Structure formats: C-alpha cells, structure tokens
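For the protein sequence lines, the chains are X and F, in the order given.
Mind the numbering: the first sequence is residues 41 to 386 in our numbering, read in order.
Mind the numbering: the second sequence is residues 41 to 386 in our numbering, read in order.
Even glycine gets a Cβ: it sits at the ideal position worked out from N, Cα and C.
It should be emphasised that the depicted structure is a prediction, and the values quoted were computed from it without experimental measurement.
Protein chains: 2
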Amino acid sequence: MLEAKNPQKTDLEKLGEFGLIDHLTKDLPQTQSSTALSIGDDAAVLDHQGYQTVLTTDMLVEGVHFDLAYMPLQHLGYKAVVVNLSDVYAMNAAATQITVSLAVSNRFPLEALESFYEGVRHAATHYGVDVVGGDTTSSTKGMIISITALGTVVPAKITKRSGAQENDLLVVSGDLGGAYMGLQVLEREKAVYEVNPNSQPDLEPYHYIVQRQLKPEARKDIPNLLEALDVLPTAMIDISDGLSSEILHLCKASGLGCDLYEDKIPLDPTVIAACEEFNIDSTTVALSGGEDYELLFTIAQKDFDKIKGNPHLTVIGHMTAKESGAHLVTRANTKIALQAQGWNSF
Amino acid sequence: MLEAKNPQKTDLEKLGEFGLIDHLTKDLPQTQSSTALSIGDDAAVLDHQGYQTVLTTDMLVEGVHFDLAYMPLQHLGYKAVVVNLSDVYAMNAAATQITVSLAVSNRFPLEALESFYEGVRHAATHYGVDVVGGDTTSSTKGMIISITALGTVVPAKITKRSGAQENDLLVVSGDLGGAYMGLQVLEREKAVYEVNPNSQPDLEPYHYIVQRQLKPEARKDIPNLLEALDVLPTAMIDISDGLSSEILHLCKASGLGCDLYEDKIPLDPTVIAACEEFNIDSTTVALSGGEDYELLFTIAQKDFDKIKGNPHLTVIGHMTAKESGAHLVTRANTKIALQAQGWNSF
Chain X
41 MLEAKNPQKT
51 DLEKLGEFGL
61 IDHLTKDLPQ
71 TQSSTALSIG
81 DDAAVLDHQG
91 YQTVLTTDML
101 VEGVHFDLAY
111 MPLQHLGYKA
121 VVVNLSDVYA
131 MNAAATQITV
141 SLAVSNRFPL
151 EALESFYEGV
161 RHAATHYGVD
171 VVGGDTTSST
181 KGMIISITAL
191 GTVVPAKITK
201 RSGAQENDLL
211 VVSGDLGGAY
221 MGLQVLEREK
231 AVYEVNPNSQ
241 PDLEPYHYIV
251 QRQLKPEARK
261 DIPNLLEALD
271 VLPTAMIDIS
281 DGLSSEILHL
291 CKASGLGCDL
301 YEDKIPLDPT
311 VIAACEEFNI
321 DSTTVALSGG
331 EDYELLFTIA
341 QKDFDKIKGN
351 PHLTVIGHMT
361 AKESGAHLVT
371 RANTKIALQA
381 QGWNSF
Chain F
41 MLEAKNPQKT
51 DLEKLGEFGL
61 IDHLTKDLPQ
71 TQSSTALSIG
81 DDAAVLDHQG
91 YQTVLTTDML
101 VEGVHFDLAY
111 MPLQHLGYKA
121 VVVNLSDVYA
131 MNAAATQITV
141 SLAVSNRFPL
151 EALESFYEGV
161 RHAATHYGVD
171 VVGGDTTSST
181 KGMIISITAL
191 GTVVPAKITK
201 RSGAQENDLL
211 VVSGDLGGAY
221 MGLQVLEREK
231 AVYEVNPNSQ
241 PDLEPYHYIV
251 QRQLKPEARK
261 DIPNLLEALD
271 VLPTAMIDIS
281 DGLSSEILHL
291 CKASGLGCDL
301 YEDKIPLDPT
311 VIAACEEFNI
321 DSTTVALSGG
331 EDYELLFTIA
341 QKDFDKIKGN
351 PHLTVIGHMT
361 AKESGAHLVT
371 RANTKIALQA
381 QGWNSF
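The following block contains the structure:
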C-alpha cells in the first residue's frame, strides 16, 4: 500500500534533497528559548546558560523495529520521537530539541514522508520540543530512522543509572506489558489479513494495548511529579527492553542486587485478559515484553510516604547488596534469578 | 570480502546489543571538559557554561553514499566522523562530542564493526572530540551510519550562512575537485578488478586524490587560522555537495548574488592531470564534484589584506546584489548562471 503506484503520489526525485528537507520541515514550530538557530544552516545552535545538556540517540529500522503493515506512518513518526524523549526524561531532564534523520527507498512517495513528519510534528508539539535539524536521504531498502534528542537539567537533579543505594525502593510508573500484548494482537490480525484481505478486525476490545504499541507516550509527567512530591530519585532508567533487562542495568550500574516482587508488578486488566486469551504468562510479558516506555527508578526508603498511594507509581521491590544477586520473588514466595530477556535486535 | 564466511569471524548475535556497544566503545577516550557523563546511561550529559552548543547530524547509507568494494571500513568510520565535524567547523565552532549510530545486516561480523570503530576512534582522537553515545542495531540490508556532532562557540563568533553582505569577498580553503576525481579512479579500478581480480592497480600517481575521497579531513584549522588573522567571516558553509551548490546556499540564505571567477578556482596539479586523463572539464569537477569538505566563506573587503597570500585561502569571487544573480565568470570572460548540480541522493 506504500508503493508509488498511485498517480497522485509525488516522486522524491522531483523535489531533490534540499527541496525535500525544506518541504518537510517548513511547518515545524520553534518554542524553546534555548533554540538559538534551527534548521537551515550547517548546524543548529543551542544556548543553555547554567544548565547541562542531556543527549541521546536511537535508530529504528523497518523490518527490525517496526512493520509498516500495521504501523501507520504518522504513528511511527510519533513513536520514533517518543522513544528518544523517554531517554531524556529517564535522566530527570526536560526535553528541549530533537533532530530527525531519515533514509527511505524510492518505494516511498513524498506523501508517505509527509505522514511520517506529521507524526513527528504532533509529538514535538505535544512534548514541547523543537525539531532543529536532521538529514533526509535515500536507502537501498526500506526505511531507517535516526533521532537524537537533547534536554536540559540542573546538575544536582541529573538521575543516572548508577546512583541506587542498598535498601532503596524500586518504583515503576504506569503499568507494564501492554505494548507487547498489543503487538501480539497486531501480528495476529496481520496474519488473518494475509489469509483474507476482506476480514475486518475488531480491535476495540484491545484498544488500550494496541495504543500502547502503536502510539506509546513518554512519561514527561514523572520528573515533574517527583519534583512536586519533593522526591529525588537515586537512579532512573526507561523501560524500552522489558522490566527484567532494565532492572539488571540499574543493578549493574549501581553495583547492587535487588528483590522484585511478582505480585507487585502493575498490570492493566486489558493486559491480563489478553495474556489469558493468548495463553502467555503475564509476568513473563512484563519482565521481557518491552516498549512500554514507563520509568523505573529507585528512591530512598525515607521518601516512601511521599509517593505512597500515588496512582502513577508502584513500589515493586527494593535494592539489595550485590552479593545477594537480582531476584524475582514469585507469588509462591520462591526466588528466581532475574535474566535479561529483553529485546535483542541481532 | 566482508561476508562472515571466515571461521575466525565473530557473529554479532553472540554478543547481543548491550555487549556489542560495551565492546565497541570501551576504548574511546574522553577528553572534553564539557563531557559530564558519557556512554552507558539513557543519555549523555554536556555542560557548556557561557557557550552555545552547535548540533549537526548526517546519515550515510551503503550503496548510496559509500561502496565497501573500495572503501575500507576504518576509512569509512573516519570519514563518517569528518563529514559531521566539517559542519561544526563551518559554524566557526569547536567540535566537542559526537554520537555514532550504526545499523548493519548479519553479513557483517564483529571484526568489520571493530574496523569501523577503529576509524571512528582515530578521527575522534585526531580531532579531539569525545564519542558520548550512539546506538547499534541490525538492518535488513547493508550498513547505515548516523552521526550527530556537537560543538561550542561563543555567540559573537557563530558564522551562519545568512550573514554575507554585498561586495564581501568569497573565499575557499584548500583546493577543489580532488575527492570527485579520486572516486573516478576508484570506480575505474573497481571495474578493472571485476573483469580481472588478479590485476594490481598502481594508485601511487593518484595518491592525493584517492586520499581526498577515502580519507578526507575537516578544516578544523580554518576557524583557528581566521581567529589568528583577526578575521571574522560574515557567512560560512562547508563544501560537501560541490562549490556551485554551496555558493547558491550562501546566496539564497544571505539574499545576494555573486560573481565566481573560473580562473581563481584552486585546483591541485593531480586533479588537473586526472581531469585530462579522464577527459573531464576541471571547472565542472570543482563546481559539481563535492565531498572535498573545504570551507567556503565570505569576508568584508577591509579584511582582504589579512588573508592575502595565505597558502590555505583563495579569494574566488565576490558577493553582488540579489538582482545580479549568481554567475560564473569564465576564463573567456563570459558570464554563465551558476546551477546547483551538487550531489542528490534521490
């Protein structure tokens, strides 16, 4: 459906590289006071007096990270931005600018790239970041996206992966496993569609989990919430690869172990229902599913009362000495070593 | 020659994504005082008190921007960095940090990526920049590189494309056309090799131009030289797509026209000799060849005496009113409208 067979579609060759960049970026709003110079020169210029700059980058490859058979290009543009902003928020920083680079084969007409940029623009507007640069080129196969995000933070508030202390509480925002179960639903509908292109899938019962997969949100609200609650996390990471893998990153960077309680892992009822339908263990999904883009962080025990009962936050365990190792404490009260079963692109 | 047939080669799957990043980035030196936190967290942290940050990004695609048949991976890593640093220097800024993202198909063994990173490390060391992040993932075809570079500059010294004034002199560093003629030599040798794999090409007479193509350098020295000469350029751009295209960018951004003198365009004797051998017009090569990564800038006429006779700099024309248009003044003293015949990836 994305091939340039439609006579109304515009070949990229007609615009050329510079025309294409001008065309795609002409409506991008610039609202950050730190954006001193944006798209159109050799480089963007950022001014951050008294703040530190946070910088992160991610590459997304068609056929590896996304499938255009069920991922609309607007959603892809949105998600590609969100994935990067999530890393900025995981530093307890405010996201300020992004650059968006894109390589596409000639099967993509201009209208496809416009849809992608519509999603980018939507995310940039929603999260209040400026698109200040990027590159647009051709690929020999498929679509490859590379996004870099910058943010600012005062040095005292930066939250690294390495700051957790023994006995700190392990806290997660939102709920887990939705994005993975949404993917299972979409993969199933794709398989049905390939057999019968006339089938009309009813995705309504799966709305929440399909949205979690197709249009995830980064937790911009969590650093603000924590500040309002007067809680400075001791370590933080975003959940892109699955809870298990991310916990192990925190343990490794902080030189600690941990106990994670299976019965504390927050799951949406839709996720539980889908797990039953697909006959998949919901804990496995939460531990290894990934792509939820929730934030995982540690706080000092003394701060527990400040976050207690907050609907956005769940205490799921605590940090232990390195020698204790990293464990899942199951509902049956047995201890299983946590393994990094997160997503591996190779 | 890059396929993983050799039993000594290491499959990327064995390392996994995190192992691979750790492995590839473990020896990267960190020397910039502005690098507050580097690889290993959700994002890098940069601290630039009193300076502005310059940000630029470029994507390079195998089969579009480079051909591994004659581009050794070390050189590719080096060149990928240089291409981005060149944009930072074109802002009259000092390059400080880069991020390097890479997508590769499973035909690349670990050793191939190590070679690439060797080139990245070599360039980072040579130019004194820190590698502070990146992403490594798999592609469905070929190799895709995305590099983002940051630099710092005091606001008063930033040189945009838009600052040129009427009557300003148009100046270029180094000489032009070498990278394009080097590519012609390499393409010819590749064709010979395909017919007769036993042929031993003698590239010695073409050493300079082949180096210009395979291992170009960014003109880090030029911003320093201009400062030492007490010259602040009014506008600047780097020559990645060819002189003609870049001049037109300066004219458009500054709202001016220009006269470029054919007999002033600096050409190395090797380039002239290769042009004769390949029966290509050397002016066309300089105007449209690209990839020389020299700097093109404008200076006020009053500054002419300061740069006069400098072996690194050549005055090649001057800026005119917009209504006059952008022209090449030929050796025969006729005026031809400049056209953007630079490189177009689509």
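In the DSSP assignment, Thr310(X) falls outside any beta strand (DSSP E) and within the unbroken alpha helix (DSSP H) covering Pro309 to Phe318. Put simply, the CB of Leu113(F) is far from chain X, with every gap to its CB atoms at 9 Å or more.
Per DSSP, reduced to three states, the secondary structure at Ser74(X) is coil, with no helix or strand assignment. When beta bridges are read from the DSSP output, Met276(X) appears opposite Phe337(X). From the beta-carbon of His88(X), the residues of chain F found nearer than 7 Å are His88 and Thr93. The Cβ of Gly218(X) sits no closer than 9 Å to any Cβ of chain F. The secondary-structure analysis by DSSP pairs Lys375(X) across a beta bridge with Val369(X). Judged by DSSP secondary structure, His358(X) falls within the beta strand (DSSP E) whose first and last residues are Leu353 to Ala361. Judged by their CB atoms, Val144(F) and Val160(F) are not nearer to each other than the 9 Å cut-off. Taking every protein chain shown into account, the CB of His247(X) has fewer than 16 other CB atoms within 10 angstroms, so this residue is exposed. In the structure shown, Ala204(X) adopts coil according to DSSP, grouped into three states.
When secondary structure is reduced to three states using DSSP, Thr65(X) falls in the helix class. Counted as a single uninterrupted DSSP element, the alpha helix (DSSP H) harbouring Ser285(F) occupies residues Leu283 to Ser294. Just so you know, the alpha carbons of Asn264(X) and His352(F) end up roughly 52 Å apart.
Taking 8 Å as the upper bound for CB-CB distance, Tyr129(X) and Asp278(X) are in contact here, some 7 Å apart. Spanning the alpha carbons of Pro69(X) and Thr165(X) requires a straight line of approximately 8 Å. Under the DSSP assignment, Asp175(F) falls in the beta strand (DSSP E) whose first and last residues are Asp170 to Ser178.
At the C-beta level, Leu95(X) and Ala84(F) come within 9 Å of one another. Against Lys342(X), chain F offers no close residue; the least beta-carbon distance is about 25 Å (beta-carbon pairs closer than 8 Å). Three or more Cβ pairs closer than 8 Å define a contact, and the segment 130-138 of chain F meets that threshold against the segment 255-269 of chain F.
From the listed residues Lys375(X), Leu290(X), Lys181(X) and Arg201(X), the smallest Cα separation to Val104(X) is found for Lys181(X).
With a contact defined as Cβ atoms closer than 8 Å, Gly214(X) and Ala163(X) miss out at about 18 Å.
Under the 8 Å Cβ criterion, the segment 275-291 of chain F does not count as touching the segment 308-315 of chain F, having fewer than three qualifying pairs.
In chain order, Gly218, Met221, Gly222, Val225, Thr310, Val311 and Ala314 place their CB closer than 7 Å to the CB of Ile249(X), counting only its own chain and leaving out the 5 sequence neighbours on each side. Short of 6 Å from the beta carbon of Thr370(F), and not among the five residues preceding or following it, lie these beta carbons of its own chain, in chain order: Glu302. Listed in chain order, the positions of the segment 258-278 of chain F with a beta carbon within less than 7 Å of a beta carbon of chain X are Ile277 and Asp278. Rounded to whole angstroms, Met111(X) and Glu244(X) show a C-alpha spacing of 17 Å.
Cβ neighbours of Ser179(F) within its own chain (closer than 7 Å, five residues either side excluded): Ala143, Val144 and Ser145.
Look at Tyr301(X) here: in three-state DSSP terms it is strand. In the three-state scheme derived from DSSP, where H, G and I count as helix and E and B as strand, Leu190(X) is classed as strand. Ile305(X) is outside the set of residues whose beta carbon lies under 9 Å from a beta carbon in chain F.
Residue contact with chain X for Lys230(F): absent (no Cβ-Cβ distance below 9 Å to any residue of chain X).
Within the same chain, Cβ atoms closer than 6 Å to the Cβ of Glu102(X) are found at Gly182 and Met183, the five residues on either side in sequence being excluded. Distance between Tyr91(X) and Lys348(F), taken at the CA atoms: about 42 Å. According to the DSSP assignment, Thr199(X) belongs to no alpha helix (DSSP H), since it is labelled neither H nor E. Against chain F, a Cβ distance below 9 Å from Val104(X) picks out Ala143, Thr177, Ser178, Ser179 and Thr180.
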